[in-house]
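*Asks:* Please see the structure below; I have some questions.
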């Protein structure tokens, strides 16, 4: 009897201690473990190259690197959960919109004053902007990207169509390209941005602290997208869960002639039956409301260091090596991803890469996004609204008004709806 | 001697519960919670009943509580009804002398043995509106315009109910089969001697014999289904047409806009309240029928 009581007491005490001390050792600045865990969020086509470069950097720099690949759509959540508890990677490949958010929450190291933040003249302006928050520097741009119009050269040539520069031209081309087989529209929020930016709209105006997602321009933009479907000039999955995969399948099999997507998808496309000859893949700027006014969002990824890391010095060395001109050239050469350093574009191998050269004007003209902590959270409500509009369940105005209300209530309460 | 029990219950159950309830009266979120690792003190403040008022107003920005509750009830009772009826049917079939009974039994329990996320992804592919096997079959049958199962309509809810029924039937079947086998055979013999038809034997011997098992598994089934998060979230993601109370609480807590711990906790408390009320009513109803539970 006594023993049971004792055991229970010990168990209870243990439980109390466990609940009392959640966490503990904060990252002490002194000492560097020399072992880096790097969370790579790139896809299966790209990850081996990044892993290889990471290992080369480690050998040169005299530290150890363990690369862990993390699914992109889970990465932000996993990182936040881990970082909150003092766990997780030392170096993280964060999407550009995540950086200000992680900086505000205190999950990434402030790099101001380190070698990573002082020598930045070589980086392209827009990607570099994503690493800044509140006047401080929190990351180093890894790659940049944007959305472009991918087209099947053979299908377009057979139909006698040139790559369309406006949405009206897309509609006109549909008569020759077989109606719904003309273009595949992915009903995800990010893919709504070319329509919105092209029409002169935006999600929020960070300078005047205004929510502008339900502007007349954006209403018109979504009506343009829906109009393509109604005119049977485009198809979409209407199936958000499978949308991206269906788009990739339809384009790689040659079923649809055009899609809008980013440079990361090139490796997938080249594996498909329609592009066994890589020269068949055409890349052009996204169409706009008027010719030359097409505009796509800036994307890309930055390297950040986790607050609380035990290998800060090694991590800085690692990022410097990973974002060096040499590494960026290698990535661009092997994967066709776009460098963030101006000098990398001068390399002959990079210049001759078809994807990079096709995307260079797209990226230079890309529409900057609002680099605010809430930037990454603007997409969830928009995703549902965009899918609703394309499915014909709500009209564009109603859907966007609801998005504006959701932004005001839960994302940026201090902004005004204007 | 009661002290250790009190301590364990307090630590394991009451303290976290009380903390959750406390959160519902604050504006706590990821940005203002205390974090010793980042050397950050807590900066959340009390907001009184604000969270409850916002949610109970049924505002769409806070999950459209009332329509979500109705959807949760449709989902729960739809699932449990089919779980129970199909499970009972299969149990009755397997309770007879059929050749290869154990083989059937193993096969029928398979859906339960597959990890939920694997089933979820397999079904997600089958429900694909363009390439999925289900719509290919419907087109083969001559249906030109099969539904977009996982899209922006109520078909999405039908789809997840189908998956959850598929997953939940084996458990009901096994539980009810156990119940059936504990009904003494003499009862059936006596009923047969008295000239009872098969239907009368089912009504007057089988169902009463199963009552204690049924009442337990149905209550369990309702609580599990009410809180079944994985299937819905893995198959449709944050789609408002399949949103139930727990998936919305998860969206607010982990993904979605703001890691709003306060609103998520408020949802937790509301879910708990609904289930407590339901369990109370259910117990009272059973007790009236003379069931001691």
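Residue numbers (our numbering), protein chains in the order written: chain A, -16 to 401; chain B, 166 to 458. We put the beta carbon where it would ideally sit given N, CA and C, even for glycine.
Strictly under 8 Å for the Cβ-Cβ distance: is residue 308/B near chain D by that measure?
*Replies:* The question asks about chain D, but that chain is absent: this structure's protein chains are A and B.
*Asks:* If you draw a straight line from the C-alpha of residue 311/B to the C-alpha of residue 67/A, how long is it?
*Replies:* Whole-angstrom Cα-Cα distance: 46 Å.
*Asks:* When the Cβ atoms of the segment 425 to 445 of chain B are set against those of the segment 183 to 197 of chain B, are three or more pairs found closer than 8 Å?
*Replies:* Contact between the segment 425 to 445 of chain B and the segment 183 to 197 of chain B is present, because at least three Cβ pairs lie under 8 Å.
*Asks:* Taking only three categories from DSSP, how would you classify residue 481/A?
*Replies:* Since the first residue shown for chain A is -16 and the last is 401, residue 481/A is missing from the structure and cannot be characterised.
*Asks:* Measure the C-alpha to C-alpha separation of residue 264/A and residue 133/A and round it to an integer number of angstroms.
*Replies:* If you take the alpha carbons of residue 264/A and residue 133/A, they lie about 7 Å apart.
*Asks:* Please classify residue 188/A: does DSSP put it in a helix, a strand, or coil?
*Replies:* Looking at residue 188/A - three-state DSSP - the assignment turns out to be strand.
*Asks:* Could you please tell me which residues of the segment 188 to 210 of chain B, in chain order, have their CB closer than 8 Å to any CB of chain A?
*Replies:* If the cut-off is 8 Å between Cβ atoms, the segment 188 to 210 of chain B has 195, 196, 200, 201, 202, 203, 204 and 205 near chain A.
*Asks:* Is residue 209/A helix, strand or coil by DSSP?
*Replies:* If DSSP states are grouped into helix, strand and coil, residue 209/A belongs with the helices.
*Asks:* Hey, how far is the Cα of residue 290/A from the Cα of residue 93/A?
*Replies:* Going by the C-alpha atoms only, they are around 8 Å apart.
*Asks:* What are the start and end residues of the alpha helix (DSSP H) that includes residue 276/B?
*Replies:* Unbroken alpha helix (DSSP H) run through residue 276/B: 266 to 278.
*Asks:* Evaluate the contact criterion for the segment 190 to 207 of chain A versus the segment 251 to 268 of chain B: three or more CB pairs, one atom per stretch, below 8 Å.
*Replies:* At 8 Å Cβ cutoff, the stretches do not touch.
*Asks:* Check each residue of the segment 370 to 383 of chain A: if its Cβ is closer than 7 Å to any Cβ of chain B, include it; give the result in chain order.
*Replies:* Hits within the stretch, in order: 370, 371, 374 and 376.
*Asks:* Can you find a C-beta in chain B that's less than 8 Å from the C-beta of residue 343/A?
*Replies:* Judged by the 8 Å Cβ criterion, residue 343/A is not in contact with chain B.
*Asks:* Could you check how far apart the C-beta atoms of residue 325/A and residue 105/A are, in whole angstroms? I think they sit under 8 Å.
*Replies:* Right, their Cβ atoms sit about 6 Å apart.
*Asks:* Helix, strand or coil: how does DSSP classify residue 168/A here?
*Replies:* Residue 168/A: coil per DSSP, three-state reduction.
*Asks:* Considering only the alpha carbon of each residue, which of 49/A, 273/A and 378/A lies closest to residue 152/A?
*Replies:* Comparing Cα positions, the closest option is 273/A.
*Asks:* Can you list, in chain order, the residues of its chain whose CB lies under 8 Å from that of residue 319/B, leaving out five sequence neighbours each side?
*Replies:* Hits under 8 Å: 406.
*Asks:* How about residue 390/B and residue 240/B: are their beta carbons less than 8 Å apart?
*Replies:* Yes, they are a contact pair.
*Asks:* In this structure, does DSSP put residue 10/A in helix, strand or coil?
*Replies:* Note that residue 10/A scores 39 on pLDDT, short of 50, meaning its location in the model is unreliable; the coordinates nonetheless yield the value given after this. Coil at residue 10/A, not helix or strand.
*Asks:* Measure how close the beta-carbons of residue 181/A and residue 217/A come, nearest whole angstrom, since I'm counting them as under 8 Å.
*Replies:* No, residue 181/A and residue 217/A are not in contact; Cβ-Cβ is about 15 Å, not under 8 Å.
*Asks:* Would you tell me roughly how many angstroms separate the C-alpha atoms of residue 202/B and residue 322/A, rounded to the nearest one?
*Replies:* Distance between the alpha carbons of residue 202/B and residue 322/A: 35 Å.
*Asks:* Assuming residue 281/A and residue 131/A form a contact by the criterion Cβ under 8 Å, report the distance between their Cβ atoms to the nearest whole angstrom.
*Replies:* Actually they are not in contact, since the Cβ atoms of residue 281/A and residue 131/A sit about 12 Å apart, beyond 8 Å.
*Asks:* For residue 416/A, is the classification buried or exposed, using 16 other Cβ atoms within 10 angstroms of its Cβ as the cut-off for buried?
*Replies:* An answer regarding residue 416/A cannot be provided, because it is not within the stretch -16 to 401 covered by chain A.
*Asks:* Tell me the residue span of the alpha helix (DSSP H) that contains residue 299/A.
*Replies:* Note, residue 299/A: alpha helix (DSSP H), 295 to 305.
*Asks:* Give the straight-line distance between the Cα atoms of residue 346/B and residue 233/B, rounded to the nearest whole angstrom.
*Replies:* Taking the straight line joining both Cα atoms gives about 40 Å.
*Asks:* With the cut-off set at 8 Å, would you say residue 273/B and residue 338/B are in Cβ contact?
*Replies:* Yes, they are a contact pair.
*Asks:* Can a CB atom of chain B be found closer than 8 Å to the CB of residue 313/A?
*Replies:* For residue 313/A, the answer is no, since every Cβ of chain B falls outside 8 Å of its Cβ.
*Asks:* With residue 22/A as the anchor, note down where its beta strand (DSSP E) starts and where it stops.
*Replies:* Unbroken beta strand (DSSP E) run through residue 22/A: 18 to 23.
*Asks:* Kindly say whether residue 407/A, judged by its beta-carbon, lies nearer than 8 Å to any beta-carbon of chain B.
*Replies:* Residue 407/A is absent from the structure shown; chain A starts at -16 and stops at 401.
*Asks:* Just mark residue 450/B as buried or exposed, buried being the case when its beta carbon has 16 or more other beta carbons within 10 Å.
*Replies:* Residue 450/B should be labelled exposed.
*Asks:* Any C-beta of chain A sitting closer than 8 Å to the C-beta of residue 312/B?
*Replies:* Closer than 8 Å: no.
*Asks:* Is residue 352/A close to chain B, meaning its C-beta is less than 8 Å from at least one C-beta of that chain?
*Replies:* No, its Cβ sits nowhere closer than 8 Å to a Cβ of chain B.
*Asks:* In this structure, how does DSSP classify residue 148/A when only helix, strand and coil are distinguished?
*Replies:* Here residue 148/A sits in coil by DSSP.
*Asks:* With 8 Å as the threshold, decide whether the Cβ of residue 83/A is near any Cβ in chain B.
*Replies:* Answer no: the Cβ-Cβ gap between residue 83/A and chain B never drops below 8 Å.
*Asks:* State the DSSP-derived secondary structure class of residue 393/B, mapped to helix, strand or coil.
*Replies:* It is coil, neither helix nor strand.
*Asks:* Please confirm if the segment 46 to 57 of chain A is in contact with the segment 294 to 307 of chain A, defined as three or more CB-CB distances below 8 Å between the two stretches.
*Replies:* The segment 46 to 57 of chain A is in contact with the segment 294 to 307 of chain A.
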